[in-house]
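Have a look at the structure below, then the notes.
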Amino acid sequence: MQDYQHIVDGHKVDLPLGKVVCVGRNYAAHARELNNPVPAEPVLFIKPNTALAPLGEAIFIPAHLGECHFETEMSILIGQPLTQCTEQQAQQAILGVGIGLDLTLRDLQQQLKNKSLPWEKAKSFDGACPASEFVSPDKLGDLQQQQIQLRLNQQLRQDGNTADMLTAVLPLLAYISQFFTLLPGDLVFTGTPSGVGPLAVGDQLDISLSEVIHCQTEVCLRKKEST
Ligand code: ZN
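Quick look at the structure:
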């Protein structure tokens with residue numbers, strides 16, 4: 036968990052570091068770029084809190100485990116328990132909105148997918164979820180009109196808009212809560228737009244959500260010996 040803390044509008048919030056529920060293939064163009072079908076229902080998976088890392092600091096990738104891809108995603112910090120909730124209850128439970136990386140060991144994920152095995156080793160390793168500070172949702176306005184951008188070494192590589200989500204934030208939270216209770220301090224990662232690709236040690240990343248959240252970070256090597 037490194038030094039990760041939940042921070043909203045510049046203030047540390049006193050909530051536990053919970054699980055991170057992620058949705059795969061929530062943008063049609065991203066599903067197509069990895070030759071996956073566009074799903075009829077959200078594809079869900081979970082990262083444990085040990086995957087959390089502060090996005091504003093250097094991010095560490097386990098290069099000895101194969102190619103590690105960036106996926107830039109709008110993130111939601113949950114402030115109230117949600118079990119089989121309505122969209123209205125989901126809206127009231129959003130404490131903060133941020134941006135983060137769903138780091139993915141793509142070679143390993145492909146091997147697991149080929150064997151129809153779960154993805155956890157590829158998605159849920161230590162440090163696999165660098166997450167930004169959050170802002171309260173009123174600072175962003177319509178959550179389905181947010182621009183997600185990632186620049187890799189100053190080149191624009193991801194440039195998506197949350198308008199293109201297959202399942203929008205509120206129905207997504209309601210859907211998740213049919214299976215997993217969301218607790219205060221949990222995060223939801225809402226899927227990546229297209230443009231994903233591999234990271235290399237030394238890469239400089241510049242990540243933003245609309246004009247509101249902006250993070251710069253550098254990719255470092257997580258050595259095998261130190262794990
Ligand atoms: Zn993702």
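When you read off a place in the sequence shown, starting at 1, and then add 35, the result is the number in this note's numbering. Virtual Cβ for every residue (Gly too), placed ideally from N, Cα, C. Fair warning: this is a prediction, and the values are worked out from it, not measured in the lab.
Cutting at 8 Å between CB atoms, please list the residues of its own chain near residue i, excluding the five before and the five after it.
{"i": "Ser245", "result": "Leu175, Gln181 and Gln182"}
{"i": "Val43", "result": "Leu112, Leu130, Gly131, Glu168, Phe169, Val170 and Ser171"}
{"i": "Thr262", "result": "Confidence at Thr262 is low in this model, with a pLDDT of 47, below 50, so the placement of that residue should be treated as unreliable; the coordinate-derived value is given next. Correct list, in chain order: Pro97 and Asp161."}
Cβ of residue i versus every heavy atom of the ligand ZN: is any distance shorter than 6 Å?
{"i": "Glu106", "result": "yes"}
{"i": "Asp137", "result": "yes"}
{"i": "Thr227", "result": "yes"}
Which residue marks the beginning of the beta strand (DSSP E) containing residue i, and which one marks its end?
{"i": "Arg141", "result": "Element bounds for Arg141: not the beta strand (DSSP E) but the alpha helix (DSSP H), Arg141 to Asn149."}
{"i": "Glu253", "result": "Ile248 to Leu256"}
{"i": "Gly59", "result": "Val55 to Gly59"}
Apart from the five residues just before and just after residue i, which ones in its own chain have a Cβ nearer than 7 Å to its Cβ?
{"i": "Thr118", "result": "Ser212 and Thr216"}
{"i": "Leu205", "result": "Glu122, Ala125 and Gln126"}
{"i": "Pro83", "result": "Lys54 and Ser159"}
{"i": "Leu187", "result": "Asp238 and Leu240"}
Leaving out five residues on either side along the sequence, give the residues of the same chain with a beta carbon under 6 Å from the beta carbon of residue i.
{"i": "Val48", "result": "His41"}
{"i": "Leu185", "result": "Thr107, Arg192, Gln193 and Ile242"}
{"i": "Gly114", "result": "Ala128, Leu130 and Pro219"}
{"i": "Leu178", "result": "Val204"}
{"i": "Ser229", "result": "Ala64, His65 and Glu68"}
Just to confirm, does residue i get its C-beta within under 6 Å of one of the non-hydrogen atoms of the ligand PLP?
{"i": "Leu217", "result": "Looking at this structure, you won't find the ligand PLP anywhere; what it does contain is the ligand ZN."}
Please list the terminal residues of the continuous alpha helix (DSSP H) segment that includes residue i.
{"i": "Glu76", "result": "Unbroken run through Glu76: none, as it is neither H nor E."}
{"i": "His65", "result": "Ala63 to Glu68"}
Among the options, whose alpha-carbon lies nearest the alpha-carbon of residue i?
{"i": "Gly53", "options": "Gly230, Leu240, Leu222 and Val254", "result": "Leu222"}
{"i": "Tyr39", "options": "Cys164, Gln189 and Lys258", "result": "Cys164"}
{"i": "Ala75", "options": "Ala63, Glu155, Phe214 and Leu69", "result": "Ala63"}
{"i": "Ile134", "options": "Leu256, Ser151, Thr252 and Asn188", "result": "Thr252"}
{"i": "Val231", "options": "Pro51, Tyr210, Ile248 and Leu140", "result": "Leu140"}
Does the CB of residue i have a neighbour CB from chain C at under 7 Å?
{"i": "His99", "result": "Absent from the structure: chain C. Only one protein chain is present."}
Entirely within the stretch 86-167 and at least 3 residues each: give me those beta strand (DSSP E) ranges in chain order. 87-89, 94-96, 103-105, 107-113, 129-136 and 164-166
Fully enclosed by the stretch 159-241, which beta strand (DSSP E) runs are 3 residues long or longer? 164-166, 182-187, 190-196 and 222-224
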